[in-house]
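Report on the structure given below.
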Ligand code: CTP
Ligand code: MG
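Residue numbers (our numbering): 168 to 403.
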């Protein structure tokens with residue numbers, strides 16, 4: 168691999184987890200006695216990334232450092248930075264701390280089932296082709312539904328993919344896209360591939376990943392994560 172510069176993972180954990188309706192943010196709920204955030208950090212620690220930037224809420228920085236990073240001996244975390252009100256501001260704060268890097272992988276800590284092999288595969292791809300993301304083909308028919316609850320369009324399923332994280336970019340490109348986004352008053356951004364599409368007019372390669380790389384969003388998702396770790400006998 169002709170790697171130009173360091174590879175940094177930005178792990179996002181600054182959300183409030185409103186849809187989970189739990190007392191503590193979902194990334195700190197425990198699965199097999201460890202907080203959900205631990206699992207993504209562990210996978211990146213074991214991967215070929217050079218360092219990890221963790222983004223959390225200000226009030227959780229000490230907890231993350233003491234109860235996760237130090238406790239489980241995670242050594243690649245070089246910075247813990249404060250997140251923003253929206254996911255994209257959390258990413259932006261993470262990006263600002265890694266000026267010397269060549270590539271960034273952005274990952275939602277709410278996806279604890281990401282495998283080490285997949286992370287390494289993504290590093291190879293971003294070095295080879297630039298912007299890329301994991302995704303899976305949708306299994307259901309997807310409809311556009313209007314405000315009255317009527318389906319008004321059915322896009323052909325063969326073109327529809329569910330997009331996941333990690334997502335990887337050439338660092339300078341993503342920063343350039345974010346700088347353009349900052350000049351715009353936008354609120355509808357849900358991931359970083361949208362930012363490079365909109366502001367750099369760049370397409371992102373979608374690499375087929377795993378259906379098991381679920382995002383913990385609502386309480387039902389926790390059962391799926393538990394089953395995944397049970398089946399895969401992940402070290403606990
Ligand atoms: N995230 C973040 N900063 C934010 C919002 C989200 O770092 N301001 C992170 C979350 O911690 C999560 C990931 O981005 O790991 C994906 O976001 P999502 O699943 O939407 O999590 P939450 O925003 O926490 O949940 P909800 O939308 O239900 O409130
Ligand atoms: Mg959210």
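Even for Gly, the Cβ is constructed at its ideal location relative to N, Cα and C. All of these numbers come straight from a predicted model, not from anything done at the bench.
Inset, instruction - Check whether the stretch 389 to 399 touches the stretch 197 to 213, taking contact to mean three or more Cβ pairs, one atom from each stretch, closer than 8 Å. - result: yes
Inset, instruction - Let me have the residue list for the ligand CTP: C-beta closer than 7 Å to any non-hydrogen atom, ordered along the chain. - result: 179, 180, 181, 182, 183, 184, 185, 186, 187, 192, 193, 194, 222, 250, 251, 252, 253, 254, 256, 257, 275, 276, 277, 382 and 384
Legend entry - Beta-bridge partners of residue 195, as assigned by DSSP: Within the chain shown, residue 195 is the residue found at index 28, counting from 1. In DSSP, residue 195 forms no bridge with anything.
Inset, instruction - Let me know if residue 403 comes out buried or exposed under the rule of 16 or more other beta-carbons within 10 Å of its beta-carbon. - result: For this step, residue 403 is matched to residue 236 along the chain shown. Model confidence at residue 403 stands at a pLDDT of 45, short of 50, so the residue's coordinates are unreliable and nothing is read from them.
Inset, instruction - Apply the 10 Å Cβ neighbour rule to residue 157 and answer buried if 16 or more other Cβ atoms are within range, or exposed otherwise. - result: With the chain represented from 168 up to 403, any question about residue 157 goes unanswered, as that position is not in the structure.
Inset, instruction - State buried or exposed for residue 368, treating a residue as buried only when at least 16 other CB atoms are found within 10 Å of its CB. - result: Locating residue 368 in the chain shown gives position 201, counting from the first residue. Residue 368 comes out exposed.
Legend entry - In chain order, each alpha helix (DSSP H) run of at least 4 residues that lies wholly inside the stretch 246 to 318: 254 to 263 and 283 to 296
Legend entry - Three-state class that DSSP yields for residue 213 in the structure shown: On the chain shown, residue 213 is found 46 positions in, with the first residue counted as 1. It is helical.
Inset, instruction - Reducing DSSP to helix, strand and coil, say where residue 402 ends up. - result: Position 235 of the chain shown, counted from the start, is the residue given in the question as residue 402. Only weak support is given to the placement of residue 402: the predicted model assigns it a pLDDT of 48, under 50, and the value that follows is read from those uncertain coordinates. Of the three classes helix, strand and coil, the one that applies to residue 402 here is coil, per DSSP.
Legend entry - Sub-9 Å separation of residue 335 and residue 271 beta-carbons: Numbered from 1 along the chain shown, position 168 holds the residue referred to as residue 335. Numbered from 1 along the chain shown, position 104 holds the residue referred to as residue 271. Against a cut-off of 9 Å, the Cβ pair of residue 271 and residue 335 comes out as a contact.
Inset, instruction - Could you round the C-beta distance between residue 383 and residue 277 to whole angstroms and report it? I think they count as a contact, below 8 Å. - result: Position 216 of the chain shown, counted from the first residue, corresponds to residue 383. Position 110 of the chain shown, counted from the first residue, corresponds to residue 277. Yes, residue 383 and residue 277 are in contact; Cβ-Cβ is about 5 Å, under 8 Å.
Legend entry - residue 325 versus residue 312 - alpha carbon distance: Looking up residue 325 in the chain shown gives position 158. Looking up residue 312 in the chain shown gives position 145. Between residue 325 and residue 312, the C-alpha separation is close to 19 Å.
Legend entry - Distance between residue 316 and residue 236 (C-alpha atoms, nearest Å): To locate residue 236, count along the chain shown from 1; it is residue 69. To locate residue 316, count along the chain shown from 1; it is residue 149. Rounded to whole angstroms, residue 236 to residue 316 spans 46 Å at the Cα level.
Inset, instruction - Check residue 344 in the structure and name its three-state DSSP category. - result: Residue mapping note: residue 344 aligns to position 177 of the chain shown, counting from 1. Note: residue 344 maps to helix in three-state DSSP.
Inset, instruction - Measure the C-alpha to C-alpha separation of residue 266 and residue 327 and round it to an integer number of angstroms. - result: As a working note, residue 266 is residue 99 in the chain shown. As a working note, residue 327 is residue 160 in the chain shown. Going by the C-alpha atoms only, they are around 35 Å apart.
Inset, instruction - Below 7 Å CB to CB, which residues in the same chain sit around residue 344 once its five sequence neighbours on both sides are set aside? - result: Position 177 of the chain shown holds residue 344. Excluding positions up to five away in sequence, the list reads 362, 363, 366 and 367.
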